[in-house]
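Chains as they are written, first to last, in my numbering: chain A, 208 to 631; chain B, 208 to 631.
Note sheet for the following structure.
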């Protein structure tokens with residue numbers, strides 16, 4: 208009997224690889240419906256940009272390598288159409304049956320284009336698969352579009368706008384809500400907007416695009432949906448977020464069936480409640496835990512705190528936890544402080560960085576941060592992420608023993624200054 | 208009655224400024240024996256290097272500014288020779304008495320040249336005060352030494368070697384122990400040595416210099432001692448580390464007398480025991496808490512975890528907590544993992560970074576890290592510092608929700624890879 212994994216990108220392959228490491232003799236089968244496995248989906252905008260020259264550069268492993276080096280039976284073009292848990296088997300589109308003892312569902316998510324007509328035209332793209340990216344790049348090279356419309360101001364939309372602009376296109380980005388990068392925060396959104404506009408991208412928020420008209424080209428990145436139909440049809444419980452419910456071992460409501468990656472819910476450690484924030488890092492981590500537990504180990508995935516970072520024309524926009532607006536919606540009583548600090552001593556050509564911290568008045572816990580600046584924003588948001596995971600109070604956080612030396616930081620790190628200014 | 212602060216550099220001025228902010232009407236007197244206050248002592252090597260052109264560039268505040276903007280009576284050239292707590296007064300060298308209600312001792316530390324003869328020669332320098340640095344720079348400019356000997360392989364010694372080498376001198380660095388940067392760790396020390404040698408600094412460890420002979424020039428940075436005599440003479444208890452004992456409010460064993468900065472002990476949060484690691488960041492933080500508590504507030508300083516970073520010819524060497532050797536000496540059962548990782552996605556010109564994590568087998572807690580690499584080492588060591596402060600276990604740490612985007616990090620951060628490889 209075998210461990211069967213449905214999906215051969217980040218979560219699925221992490222699960223398979225981890226199970227193999229823990230159980231050298233286990234039979235492991237990965238069923239991927241697409242033609243390739245293990246590509247770095249987060250790299251797609253950089254392939255469109257042209258920085259990644261060759262699509263092969265985004266593929267980390269080939270099925271052959273998984274077969275030979277790890278003895279994992281990876282099958283591409285293997286589209287699972289149903290799961291029969293009573294029989295412990297999955298059925299492929301080809302009609303073939305594959306038996307399992309333990310199952311990991313890593314079916315990912317998809318671009319949601321349902322509210323927009325005209326998405327099937329040749330000049331309209333999503334940016335979710337390697338095939339999407341290759342098609343888009345070919346189109347740009349061959350058809351030389353002058354203008355592009357990007358629908359959606361989330362990560363993919365903003366990264367696509369950046370990539371297209373760097374290819375010389377005139378870009379207009381439309382976003383349905385008033386927020387960019389999914390952050391309900393007027394200041395942060397405004398900073399993102401200004402950075403896009405400074406580099407020639409026209410930004411229009413509060414506009415709901417319902418149809419793609421004829422134009423040079425359009426990229427639709429207006430929403431993301433977890434692929435849960437296969438699981439739901441098999442009776443696997445789906446949570447309020449719309450993704451598959453999991454426990455801390457990434458096991459679903461049906462024993463023996465695990466879920467990981469963009470199709471699965473995880474715990475938000477700031478609230479303790481289920482959340483769905485599809486990101487590659489979480490896909491890898493949950494895949495790893497699902498694979499370990501499916502192979503019989505008892506590892507746990509404690510959850511996420513909602514950390515992300517995006518580069519926009521060379522500037523970093525990083526967030527973790529909740530913005531003040533989001534925190535209020537989650538039932539917190541948020542207090543914020545926002546400062547502009549220096550990244551280094553003043554004789555080391557410092558750049559400016561904006562640090563906003565959000566704390567909860569009642570518990571005095573830190574519950575979120577927005578950081579904008581140079582490359583150092585990643586390290587700073589990660590410090591806050593660690594503090595959120597540890598449920599650190601502000602009085603603890605403001606005494607963190609952070610490193611200091613003039614080439615690398617100011618003596619009072621902007622994180623500590625922002626913490627001192629939280630009026631709890 | 209007044210708050211009197213002895214010492215006008217980092218800790219003393221932080222204490223005075225914080226007390227003023229909390230108590231607008233308090234009389235505050237700062238007594239500094241030197242001619243200037245508030246200079247960035249950590250910037251002295253960069254003044255020697257020539258990057259900081261003007262000594263004035265290292266002075267953050269003048270006494271006049273403190274007097275005018277904060278109504279703090281800052282007196283330079285005011286050398287306190289004794290404290291009479293029964294009379295609540297300090298006595299200056301001039302014979303003047305200054306009465307206090309609360310006292311903050313921020314007398315700092317000094318270079319310990321006691322075991323080395325010949326340190327009083329014109330070509331021999333320490334690098335501790337602005338005056339030291341100015342004298343050294345003038346000497347280099349006027350006498351054009353060709354070779355320099357640096358005695359001591361701690362932070363100051365290594366930074367001085369870097370600064371002198373950049374001025375074109377042939378530099379030989381001697382260190383008494385087998386360790387560089389005070390880190391008892393053969394791998395880390397070896398990496399520091401290689402980086403120094405790669406840039407032309409000759410490094411000789413295990414050599415105890417007891418006399419400075421005639422030579423072009425010598426810098427003695429062979430040890431540091433807390434200035435505790437004044438406090439000890441007044442009956443203030445001194446701890447085993449040789450520095451002034453303090454509680455979490457930075458109050459000494461005598462009520463009403465506080466101590467902060469390089470003369471004071473603090474709690475090491477990894478062991479829970481007193482420690483003495485004189486650094487500017489800790490001086491500022493402890494000064495702030497001492498000032499607040501002396502002014503009647505009840506703030507606390509929970510302690511440090513021993514974080515530091517040094518740049519050596521453009522490469523960062525960062526540590527926090529304990530090395531394996533140090534951990535064993537502290538009673539832990541250390542387990543280590545060391546990996547070489549990438550700082551970014553491979554299509555973003557990543558550089559290599561070495562991450563070593565140290566955990567305790569019994570408690571499974573993370574207890575230290577050494578990180579070598581580019582500018583991102585600071586952010587990564589700070590994440591570990593936050594984890595140490597939170598007493599995080601390895602299984603928690605390896606699931607940290609760290610930010611990821613190709614321009615800023617690889618999908619598996621080197622910190623998480625190193626944590627996964629800890630064999631507990």
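Yeah, the Cβ is synthetic: ideal placement off N, Cα and C, and Gly gets one too.
Self-check item: Cβ contact (3+ pairs, closer than 8 Å) linking the region 380–390 of chain A and the region 276–295 of chain A
Solution: no
Quiz item: In chain order, what residues of the same chain have a beta carbon less than 8 Å from the beta carbon of residue 417/B, not counting five sequence neighbours either side?
Solution: 322, 323, 324
Quiz item: Could you check where the beta strand (DSSP E) with residue 318/A kicks off and where it finishes?
Solution: 316–318
Self-check item: N- and C-terminal bounds of the alpha helix (DSSP H) containing residue 487/A
Solution: 487–501
Quiz item: Taking 9 Å as the CB-CB cut-off, is residue 368/A touching chain B?
Solution: no
Quiz item: Between the region 598–611 of chain A and the region 570–584 of chain A, are three or more C-beta pairs nearer than 8 Å?
Solution: yes
Quiz item: How many angstroms separate the CA atom of residue 473/A from the CA atom of residue 314/A?
Solution: 15 Å
Quiz prompt | Terminal residues of the beta strand (DSSP E) in which residue 573/A lies | solution = 573–580
Quiz prompt | residue 250/B - DSSP class collapsed to helix/strand/coil | solution = helix
Exercise. Count the other CB atoms, across all protein chains shown, that sit within 10 Å of the CB of residue 558/A; report buried if there are 16 or more and exposed otherwise.
Key: exposed
Practice problem: State the start and end residues of the unbroken alpha helix (DSSP H) segment that holds residue 369/A. | Solution: 362–373
Quiz item: Are residue 253/B and residue 258/A closer than 9 Å when you measure CB to CB?
Solution: no
Quiz item: Are three or more beta carbon pairs between the region 463–478 of chain B and the region 211–218 of chain B nearer than 8 Å?
Solution: yes
Quiz item: How big is the Cα-Cα spacing for residue 406/A and residue 522/A?
Solution: 11 Å
Quiz item: If we ignore side chains and look at the alpha-carbon of each, how far apart do residue 282/A and residue 562/B end up?
Solution: 36 Å
Exercise. Note down, in chain order, each residue of its chain lying with its Cβ closer than 6 Å to the Cβ of residue 358/B, except the 5 sequence neighbours on either side.
Key: 381, 416, 427, 429
Self-check item: Closer than 9 Å to chain A by CB, residue 509/B
Solution: yes
Exercise. Name, in chain order, the residues that DSSP records as bridge partners for residue 381/B.
Key: 358/B, 411/B
Exercise. Under the assumption that residue 431/B contacts residue 352/B (Cβ atoms under 8 Å), give the Cβ distance between them as a whole number of angstroms.
Key: Residue 431/B to residue 352/B, Cβ: 25 Å. No contact.
Self-check item: residue 630/B: contacting residues in chain A (beta-carbon distance under 9 Å)
Solution: Under the 9 Å cutoff, chain A gives no residues; its nearest Cβ is about 13 Å from residue 630/B.
Quiz item: Would a check of beta-carbon distances place residue 488/B closer than 9 Å to chain A?
Solution: yes
Exercise. Between the Cα of residue 551/B and those of 270/B, 621/B, 334/B, 261/B, spot the shortest distance and give me the residue it belongs to.
Key: 621/B
Quiz item: For residue 299/A, does the three-state DSSP call read helix, strand or coil?
Solution: strand
Quiz prompt | Local conformation of residue 602/B per DSSP, three classes | solution = helix
Quiz item: chain E beta carbons: is any one of them nearer than 9 Å to that of residue 514/A?
Solution: Absent from the structure: chain E. Protein chains present are A and B.
Exercise. State the DSSP-derived secondary structure class of residue 393/A, mapped to helix, strand or coil.
Key: helix
Quiz prompt | Residue-chain proximity (residue 329/B, chain A), Cβ-Cβ < 9 Å | solution = no
Quiz item: Less than 9 Å separating the beta-carbons of residue 595/B and residue 528/B?
Solution: yes
Quiz item: Interface residues of chain A around residue 607/B at Cβ under 7 Å?
Solution: 592, 593, 596
Quiz prompt | Collapsed DSSP secondary structure at residue 522/A in the structure displayed | solution = strand
Quiz item: Can you tell which of 340/B, 412/B, 333/B has its C-alpha closest to the C-alpha of residue 320/B?
Solution: 333/B
Quiz item: Using a Cβ-Cβ cut-off of 7 Å (strictly less than) and excluding sequence neighbours within five positions of residue 331/B, which residues of its own chain qualify?
Solution: 325, 419, 425, 427
Exercise. Give, in chain order, every residue of the region 610–625 of chain A whose Cβ lies closer than 9 Å to some Cβ of chain B.
Key: 610, 611, 612, 613, 614, 615, 616, 618, 619, 620, 622, 623
Quiz item: Going along the chain, which residues of its own chain have a beta-carbon closer than 7 Å to the beta-carbon of residue 461/B, five neighbours each way excluded?
Solution: 292, 442, 443
Self-check item: Whole-angstrom distance between residue 514/A and residue 547/A, CA atom to CA atom
Solution: 21 Å
Exercise. Return the first residue and the last residue of the alpha helix (DSSP H) that residue 213/B is part of.
Key: Run containing residue 213/B: none in the alpha helix (DSSP H); it sits in the beta strand (DSSP E), 209–213.
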